[in-house]
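Once you know that position 16 of the sequence shown is 15 in numbering that gives the first Met the number 0, the rest is easy, because the numbers rise by one and skip nothing. The beta carbon of each residue, even a glycine, is placed where N, CA and C say it ideally should be. On a predicted model such as this, the values are computed, not experimentally measured, just so you know. First the structure, in the form of structure tokens, and then the observations on it.
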Amino acid sequence: MTVTVTYYCPHCGALAELERDAYLADKAVTPYPFEGWTYANPDEEYEESEGVRFVCGDETLKRGEEGCGESFYLSFVKYENGRELDPRQPTERVELRDRPGPRSPGGPRGPSGPTG
0 MTVTVTYYCP
10 HCGALAELER
20 DAYLADKAVT
30 PYPFEGWTYA
40 NPDEEYEESE
50 GVRFVCGDET
60 LKRGEEGCGE
70 SFYLSFVKYE
80 NGRELDPRQP
90 TERVELRDRP
100 GPRSPGGPRG
110 PSGPTG
């Protein structure tokens, strides 16, 4: 079963339409792609990708709409090992220091008391 779904361009608010299978679940529409996700054009086989890359002003715009020419991205819900991925979460943890302990003397100091 296919449905026609309407999306707002996050840059200018123009409406784009996409006819797609109803089973696909939308995650987000953003002005940027999610890191590590693959995007197809609306006229390609996007069911195997993780989202769709629109160009505001192309043939996907609703009749009467004018676009800004900027790209925006529809991301589908994505699972890994049975868990839904949140693309806004960092993919790896970064350790900023190699050992616990007090800050070095040259580091930032906390607030000081009244001087007066």
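{"query": "Comparing C-alpha positions only, which one of Tyr38, Glu47, Phe75 and Phe53 sits nearest to Ala15?", "result": "Phe53"}
{"query": "For Lys26, count the other beta carbons within 10 Å of its own beta carbon; 16 or more makes it buried, fewer makes it exposed. Which is it?", "result": "buried"}
{"query": "Excluding five sequence neighbours on each side, which residues of the same chain lie with their C-beta closer than 7 Å to the C-beta of Pro9?", "result": "Val28, Thr29, Pro30 and Phe71"}
{"query": "For Ala15, report the span of its beta strand (DSSP E) as first-last.", "result": "Leu14 to Asp20"}
{"query": "Would Val76 pass as a contact of Glu83 if the rule is Cβ separation under 8 Å?", "result": "yes"}
{"query": "If you follow the beta strand (DSSP E) that Tyr7 is part of, which residue opens it and which one closes it?", "result": "Thr1 to Tyr7"}
{"query": "Of the choices Gly56, Tyr78 and Glu49, whose alpha-carbon is the least far from that of Tyr7?", "result": "Gly56"}
{"query": "Quick one: measure Cβ to Cβ for Val2 and Ala21, integer angstroms, because I've assumed they're closer than 8 Å.", "result": "5 Å"}
{"query": "Classify Glu43 as buried or exposed, calling it buried when 16 or more other Cβ atoms lie within 10 Å of its own Cβ.", "result": "exposed"}
{"query": "Suppose you measure from the CA of Pro32 to the CA of Leu60; what does that come to, to the nearest Å?", "result": "20 Å"}
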